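For reference, the structure discussed in these notes is given below.
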Amino acid sequence: MILRRVIAHFRKQQWTTIAIDFVIVIVIVIVIVVAGVFVGIQVANWDTDRQNRALDHGYLQRLHHEVVDLIDKGADAARTSEETNRHLHEAQHFLITSDGVTPALSPQHCCAIAGSHVYARGIILPPTLGELLATGRVLLIDDETLRTSIASYAQSINDIGQLRDDIQIDRLPLARRYPELISRRAEQWDQAVCQFGEMRRRDDFRNDLTDNLNRFGAYAEDVLAEQRRLQQALHAQLDRRLNIRHESTSTPGAIK
Ligand SMILES: [Zn+2]
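Residue numbers (the working numbering): 563 to 818.
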């Protein structure tokens, strides 16, 4: 329509009107170009947002899988460390008291004493969590609480790893220091044989046992149990974010 108007004005040689028509055409072209660029940018942004959301979801699914796996695999280690810690306390109580009430010590107590310098369980940062932080993609997660939990988890894992290293410094294998009290008859500590009666008469042994007991207590509670608490807290955050509900008891909740 505007074109027919311009042609008509040309025929009538209405130059002022032609100039106005020309300006109108230019404005219309500019508006169309700007609108096209705007729509193009919006479409590109929507596509980028969609890709980021898909990437975010994929990362969180992987992280959830890894954390659940760590929790499940850590259950035995948590149970074993709690038992060893309990046996060490029972052994120490027996060796420093003579009230006749404490039950006699068992091979399990000897195993705990012989292995009281072993703090070998891994302090593990889930691979996907490490990748999220190393690449900065943690910023793709549009959940501030979860982002904070991930950063806090990594820092706490680093801290308890340092604590485990500190606990291991100058650790004492009692069977090596006191072979006359602990004889190791196989590769595994559960085959060790202890001279409990003689241990009770040796102040030097009981002092070293107390040192190992304190180290193992810190390892069991402040390293392994703390790592487990961190895993379960992160798991709860991931379940919330991914809207996952578990029927199994191997999911967030009390430490097993
Ligand atoms: Zn879950």
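Every residue, glycine too, gets a C-beta built ideally from N, C-alpha and C.
The structure presented is a predicted model; accordingly, all values stated were derived computationally and were not measured.
- Item | A682 - containing beta strand (DSSP E), residue span | Counting along the chain, no beta strand (DSSP E) covers A682, and no H or E run does either.
Compare the C-alpha of P735 against each of A782, L725 and G677 and name the closest.
Checking every option, the nearest Cα to that of P735 belongs to G677.
* Asked: L702 and L792 look like a contact to me (Cβ under 8 Å); what is the Cβ gap, rounded to whole Å?
  -> So it is not a contact: roughly 22 Å between Cβ atoms.
Residue nearest to I686 in terms of C-alpha spacing, selected from S643, V629 and S711: Nearest to I686 by C-alpha distance, out of S643, V629 and S711, is V629.
Three-state class that DSSP yields for R746 in the structure shown | In the structure shown, R746 sits in a strand (DSSP, three-state: E or B).
- Closer than 6 Å by C-beta to T646: which residues in its own chain qualify, once you throw out the five before and the five after it? Chain order, please. Answer for T646: A674, listed in chain order.
- request: Tell me whether the beta-carbon of Q654 lies closer than 8 Å to the beta-carbon of L743.
  value: Going by C-beta atoms, Q654 is not nearer than 8 Å to L743.
Quick one: give me the first and last residue of the beta strand (DSSP E) that A640 is part of.
-> Looking at the DSSP string, A640 is not in any beta strand (DSSP E); the run it does join, the alpha helix (DSSP H), is W577 to I658.
* Candidates S714, R747, V593 and S711: which alpha carbon is nearest P669's? -> Each of S714, R747, V593 and S711 was checked against the Cα of P669, and the nearest Cα belongs to R747.
key: DSSP three-state assignment for A666, whether helix, strand or coil   = In the three-state reduction of the DSSP assignment, A666 falls in the coil class, being assigned neither a helical nor a strand state.
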